[in-house]
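Read the structure below first, then the notes.
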Amino acid sequence: MRKQFTAIMVATLLASNLLLGFKVFQARAASQDKDRDSAYANVALLTRVMEIVRKDYVDGDKLSYRELTYSALKGMLNSLDPHSQFMEPESFNEMRSETEGQFGGIGVQIGVKDNIITIIAPMEDTPGFKAGLLPGDKILAVDGTSTEKLTLQDAVKLLRGKPGSDVTLRIMHSKGHEIKDVKLTRAIIKVDSVKDAKLVGDHIGYVRITQFNGPTDDEFEAALQKLEKQGINGMILDLRNNPGGLLESAVEVAGKFLPRNEMVVYTEGRQVERHIYSAQGKERHPNYPLVVLVNGGSASGSEIVAGALQDLKRAVLVGETTFGKGSVQSVLPMPDGSALRLTTAKYYTPGRKVIHEKGVTPDIVVAVSEEDQRKLMLQRAKENWGDVGFPDADEESDSESDKDKEAAREKKLKDAKPIRDVQLDRAIDVIKGLRVFTQQKGVPATPVPPPSSTKS
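Below, the structure is given as C-alpha cells:
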C-alpha cells in the first residue's frame, strides 16, 4: 500500500512539474512572439515610410535604397550616445587608415557634454595648449562649419588634417559667454606623458602624467625610483587635464601602488561578460601616503586610476570632479563593407561605481576658477617654453595689430606674478597630515629603497 501511495505521489509531482514547465514555456514563447511581432511591425513601418519617400519626395536623385538605409542607420546609432556611430564603407576605410598612419591635429581631447562638442583637455606642448584652450571650452564651429549637429567622429575629422595646415575654431569658454575665433596650425602630435618629477616639500615627491601611452609605465617607474632614491615619504600624482589614453597603461600605473592581482577596473555590458583588469605587481612601491590630483579635464584612464586608488583606500583624491568618460566601443564590420561603432560596455571601479557621465568625485574638493586655471597654464608655458604667444584671459581686442598684441603678450609673460596652485598646496597639506598619522600608528614614514629594475 505504501509503495502504491509513493508511486502515485511521484506521478503527481512529475505531472505538476511538466504542467508548470509547459506554462513557463508558453509564457516565454508568447513574450518572444510579442517581441518578434513588434520587430516585424516596426520594420514594416520603416519599409512603408521608405516607399512613401521614394514615391513622393521632391528630389528623386536622393532616393536610392542604399542612401535611405544608411541615413536611417546613422540616425539610429547617433540617437544612442555620442560615441556610437554607423560608418559607411568609405568612412570605415578612413578610420582603419588613420589608426595605421600619421595625421595632423591640434592636440585636444574632445567629448560631448550637454549635447555640445567640448574640450576634455588640451595636451601640453601642442597647438591647442599653446593657444590657451581650456578643459570645458565649447567648440561651436570649425572653419565656419557649425558643430551643432555633428557627431563626435565628424568633429574629429574636421579638426584633423595635413600637418602645417591652418584651422579656425569658434570657442565659447566654459564658465562664461565669451565667444572668440582661435586660429591654429595643425601638427603631428607627440606628447611626453610623464613630466615634472621633483620634490615639492619635505620629502614629498610629485609626478605629473599628461596622458597614458606606451612608454608611460617605464617613464613613471623611472620617475618614482628617482624620487625614492631622494628619500620621499609621501607622493603626489597629478592627473589633472589628463584625457586618458591606453587602458593597459592606466592599469599599470595604478598597479604600482596596489597588491598583485588587486582589481583596478572592470568592464561589463548587457551582452559582454565582465572583464577584470588587475594589478600585475611588476614593481610594487612602498605604502607611503599618496594623493592624486584630479579635475574636470581628467578623463577615461585618469578616472580609472583615481577611482581604483580611492575605492581601495590607497590614495586621497584632491581637486574637482572628473569628466565622466567611461564607456567601451566595439567596431562591428558589416557584409557590405560598412561598420557599426557601438557602445557595448562601461567601466566600473572596484567599488562598482559607474564612471561614465558621472565622473569620480574627490575626497577633498578644491575648486579653481577658470581665470586662475588659465594663469596656471600660462605660468607653466612660460616655465617650459618661454614666450610661446600663449594668450591671457583678458587678451587685447581684435582691433589691435598683431605686432601690438605680440608685444603685449611678451610684457605680460615677463611681468606675470607667480600664482599659487591651491590644489597642489592642499595635496601637500594632506600628505603632511597622513604622514603624522602613520607615524603615530608606528608605520615607517621613510620608504625602503626599491629593488633594481629587472626590465631589459
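Quick note: the sequence shown, position 293, residue 293 per the numbering used here, numbers continuous.
Idealized CB from N, CA, C, for every residue including glycine.
What would DSSP say about residue i, mapped onto helix, strand or coil?
i: K157; result: helix
i: Y65; result: helix
i: G307; result: helix
i: K282; result: coil
i: Y288; result: coil
i: Y70; result: helix
i: G244; result: coil
i: S146; result: strand
i: M172; result: strand
i: K190; result: coil
i: D372; result: helix
i: L133; result: coil
i: V207; result: strand
i: Q85; result: strand
i: T47; result: helix
i: E320; result: coil
i: Y57; result: coil
i: Q439; result: helix
i: L272; result: Position check: residue 272 holds Val in this sequence, whereas Leu was assumed. In this structure, V272 counts as coil in the three-state DSSP scheme.
i: P335; result: coil
i: R260; result: coil
i: K113; result: strand
i: S302; result: helix
i: L227; result: helix
i: G107; result: coil
i: S38; result: helix
i: K313; result: coil
i: K195; result: strand
i: S517; result: Past the boundaries of the shown model lies residue 517; the chain is included only from 1 to 456, so the question cannot be answered.
i: L237; result: strand
i: D181; result: strand
i: T216; result: helix
Please classify residue i: is it buried, with 16 or more other beta-carbons within 10 angstroms of its beta-carbon, or exposed?
i: P127; result: buried
i: E100; result: Because E100 carries a pLDDT of 49, less than 50, the predicted location of this residue cannot be relied on, and no value is offered for it.
i: F437; result: exposed
i: M377; result: buried
i: Q439; result: exposed
i: D192; result: exposed
i: M457; result: Only positions 1 to 456 of the chain appear in this structure, which leaves residue 457 out of reach.
i: Y277; result: buried
i: Q230; result: exposed
i: H177; result: exposed
i: K113; result: buried
i: E221; result: buried
i: G433; result: exposed
i: H356; result: buried
i: K162; result: exposed
i: P333; result: exposed
i: K473; result: Residue 473 lies beyond the range of the chain shown here (1 to 456); nothing can be said about it.
i: S249; result: buried
Output yes if chain B places a C-beta closer than 9 angstroms to the C-beta of residue i; else output no.
i: A367; result: The structure shown has no chain B; it contains just one protein chain.
Check whether the Cβ atoms of residue i and residue j lie closer than 9 angstroms to each other.
i: M50; j: L68; result: yes
i: L239; j: V294; result: yes
i: G107; j: P89; result: no
i: G324; j: L247; result: no
i: Y288; j: G359; result: no
i: N241; j: T210; result: yes
i: G269; j: K190; result: no
i: L237; j: A141; result: no
i: V156; j: T168; result: no
i: V318; j: V366; result: yes
i: V253; j: V305; result: yes
i: T147; j: I117; result: yes
i: L340; j: S84; result: yes
i: V328; j: V272; result: yes
i: L461; j: L150; result: Missing from the structure shown is residue 461; the chain here goes from 1 to 456 and no further.
i: P243; j: A299; result: yes
i: M95; j: V331; result: yes
Tell me the rounded alpha-carbon separation between residue i and residue j.
i: M369; j: P135; result: The question names Met, yet the displayed sequence has Ser at residue 369. Taking the straight line from one Cα to the other gives about 12 angstroms.
i: G307; j: V53; result: 50 angstroms
i: G104; j: S338; result: 25 angstroms
i: K282; j: K256; result: 7 angstroms
i: M263; j: D311; result: 10 angstroms
i: R435; j: L290; result: 10 angstroms
i: K70; j: F86; result: Looking at the sequence provided, one finds Tyr at residue 70 rather than Lys. Going by the C-alpha atoms only, they are around 8 angstroms apart.
i: I171; j: G144; result: 12 angstroms
i: E124; j: K55; result: 55 angstroms
i: K180; j: D154; result: 22 angstroms
i: D202; j: N78; result: 52 angstroms
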